[in-house]
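A.B. asks:
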DNA sequence: TCAAATGGCGCC
DNA sequence: AAAGGGCGCCATTTGA
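In my numbering, the protein residues as written are 31 to 587.
1) Mind checking which residues open and close the alpha helix (DSSP H) that includes residue 91?
2) What are the partner residues of residue 509, as DSSP defines its beta bridges?
3) Just the Cα atoms here: how many angstroms apart are residue 588 and residue 461?
4) In chain order, what residues of the same chain lie with their CB nearer than 7 Å to the CB of residue 21, ignoring the 5 residues before and after it?
5) Short of 7 Å in beta carbon distance, which residues of its chain neighbour residue 321, apart from the five on each side in sequence? Order them along the chain.
6) Would you kindly work out how many angstroms separate the C-alpha atoms of residue 359 and residue 189, rounded to a whole number?
7) Once you ignore the five residues that flank residue 197 on each side, which residues in its own chain have a CB closer than 6 Å to its CB?
8) Straight-line CA distance for residue 488 to residue 474?
9) Taking 8 Å as the cut-off, does the stretch 558-570 touch the stretch 531-541 (at least 3 CB pairs, one atom from each stretch)?
10) Give the range of the beta strand (DSSP E) segment to which residue 100 is assigned.
11) Going straight from the alpha carbon of residue 543 to that of residue 71, what length do you get?
12) Between residue 357 and residue 547, is the Cβ-Cβ spacing less than 8 Å?
13) In the DSSP assignment, what are the bridge partners of residue 538?
14) Using only alpha-carbon positions, find the residue among 286, 97, 311 and 438 that is nearest to residue 69.
15) With residue 121 and residue 139 assumed to form a contact (beta carbons below 8 Å), what rounded beta-carbon distance in angstroms separates them?
16) Contact between the stretch 441-451 and the stretch 496-512 is defined here as three or more beta-carbon pairs at a separation below 8 Å; is this criterion met?
17) Candidates 216, 252 and 389: which alpha carbon is nearest residue 574's?
18) Is the Cβ-Cβ distance between residue 127 and residue 178 less than 8 Å?
19) Would you mind sorting residue 533 into buried or exposed? The rule is 16 or more other CB atoms within 10 Å of its CB.
20) Of all the options 522, 520 and 454, which has the alpha carbon lying nearest to the alpha carbon of residue 497?
21) In angstroms with no decimal places, state the Cα-to-Cα distance between residue 373 and residue 508.
22) Checking the sheet assignment: what are the DSSP bridge partners for residue 321?
23) Under 6 Å Cβ to Cβ from residue 451, same chain only, skipping five residues before and after it: list those, please.
24) If you measure between the beta carbons of residue 1 and residue 268, is that distance less than 8 Å?
25) Near residue 220, which residues of its chain fall below 8 Å by C-beta distance, leaving aside the five closest residues on each side in sequence?
26) Does the Cβ-Cβ distance between residue 85 and residue 194 come in under 8 Å?
27) Let me check one thing: in DSSP terms, what residues is residue 81 bridge-paired to?
28) According to DSSP, which residues form a beta bridge with residue 578?
29) With 16 other CB atoms within 10 Å as the buried threshold, where does residue 586 fall?
30) In this structure, does DSSP put residue 35 in helix, strand or coil?
31) Check each candidate in 262, 494, 422 and 287 and name the one with the smallest Cα separation from residue 275.
32) Under 8 Å Cβ to Cβ from residue 288, same chain only, skipping five residues before and after it: list those, please.
33) Rounded to whole angstroms, what's the CA-CA distance from residue 245 to residue 556? Just pull it up for me.
34) Quick check for students: name the residue ranges of the alpha helix (DSSP H) that lie wholly in the stretch 344-415, counting only runs of 4 or more.
35) Apart from the five residues just before and just after residue 467, which ones in its own chain have a Cβ nearer than 8 Å to its Cβ?
36) Helix, strand or coil for residue 73 per DSSP?
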């Protein structure tokens, strides 16, 4: 393994390298080099790079044309390890791990949001004096590695999770820098078709202005559909006592304003979230470059910063088009979460149902009279904690057919309600409840609690129960997806020109020269099978992936 | 007058 | 079919 760190006190000025053993022992001298190419010149290929954080460490190498094959990301590893100790939100850099392991003052993590600044000499001196004592960064990496290895303690599942997390970080950095192909001209045509020409700043697009007029005409008085307060008051004034203006609430109302209001909401969403301003900000140079933040959701899902990459509306997928001579391989893990539930719970009946390509159809034929929609609602309700309505009523059927799976999620909910912590299949921990949660929930069970206190306590407990119920499924699905993605990334090295360009929870896109698309499609299937074997080794469950080869993302479904 | 909270909705 | 989990982002509202 190669420890690598930027040379301290030399911003942009070189790197320190040291070959070390897997246990963190030095296995060679510390070497100073000036630039990424010189780093490469000194390293045998295929080495695992040990560094503080992929997100900050990798981009200079990637920009220099260097692809890192394997790495060990101390920060991402530390976040998971700390979480298993019930500690969230603490500094997780190598310097912080080193400080905790050696009893030094723990430094703050570098703020990833802070823009790089050019400090004056005065600021620089001030900053230095305020810092924790400077520690050799290579030393910090070695100590952090040894400390983390000790805490991992040969836990096979945890080791798999951590390896996948570091590999995912490489993929995330690469995907952000490569970008998702984005045809601004197509996007603009879509906007014009839906909304009319681009409005002047501060004005509504033509189509929204027309709808606003229709809404006011339908009510007989002025209502601003951008204001939930105004809209609710409007419907109340014409006799509909709604509590919110969510579209599914409004849909149930019988009034001439309903249709234009619903159209307005839909189009206004496109305009504000993914309109011309979004294009200006995010689609430069024919690519959309979101910043992916792997593992930043407590469940282990990725988040993104900027551009809302994980919420691209289906209506705009028309703008995602492969470059000339290339194709997109769109691979989606079908119905991943119920399959994951079947696996983590060990419910053999549900695993049987998951053997086929369409789990919900099989479910429907096994107790829901062939009604696929009902079967799906019931299963989603079981995983999300639905209590009322149709989903609540259908839970009984699931409980009868799949008692092991239902006991699994209901047990997770009870643990959450009582303040316990639950884990994903590979060992990612959910956060413990806050001190105020404990206090308020405890208050509700006191002898002299008021009705309001009891209601509040029950509410908080049930909220946390729904969270932990979902966590065991969502986080285990994220475990699987992370192993899938990192395995695929490794396989793609053998395919010239193939690039991962998008990842969204259980779906990924590979941009590939047309002649290799079939090969890549097969690799997505193979990587899914490997992930199933690694993450659910004892289970009958299947986690099928259905790659589609297309020119345009919109044609994938 | 500003920042924080809220309501709403897109994706999974 | 119902409004149950996780996010990020926008415009509006609230409150200090």
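Think of the CB as a built atom: it goes at the ideal place given N, C-alpha and C, for glycine as much as any other residue. If you're wondering where the values come from, they're calculated on a predicted model, not measured in any experiment.
C.D. replies: According to the structure data:
1) 84-93
2) Answer by DSSP bridge pairing: none, since residue 509 is not bridged.
3) Because the chain spans 31 through 587 in this model, residue 588 falls outside it and cannot be assessed.
4) Nothing can be reported for residue 21, as the shown portion of the chain is limited to 31 through 587.
5) 206, 334, 335 and 336
6) 30 Å
7) 516
8) 7 Å
9) no
10) Residues 100-103.
11) Residue 543 and residue 71: Cα-Cα distance of roughly 29 Å.
12) yes
13) 361 and 533
14) 97
15) Right, their Cβ atoms sit about 4 Å apart.
16) yes
17) 389
18) yes
19) It is buried - the Cβ of residue 533 has at least 16 other Cβ atoms within 10 Å.
20) 454
21) 14 Å
22) According to DSSP, residue pairing for residue 321 in a beta bridge involves 335.
23) 459, 460 and 462
24) There is simply no residue 1 to check, as the chain begins at 31 and stops at 587 in what is shown.
25) Apart from the 5 residues on each side of it in sequence, residue 220 sits with its Cβ closer than 8 Å to the Cβ of 345, 346, 348 and 349 in its chain, given in chain order.
26) no
27) Note: residue 81 sits in a beta bridge opposite 103.
28) 360
29) buried
30) strand
31) Checked all of 262, 494, 422 and 287; the closest Cα to residue 275 is 262.
32) 280 and 281
33) 53 Å
34) Entirely contained in the stretch 344-415, the alpha helix (DSSP H) runs reaching 4 residues are, in chain order, 366-375, 378-383, 389-395 and 402-414.
35) Taking C-beta separations shorter than 8 Å and ignoring five residues to either side along the sequence, the partners of residue 467 in its chain run 449, 490 and 494, following chain order.
36) coil
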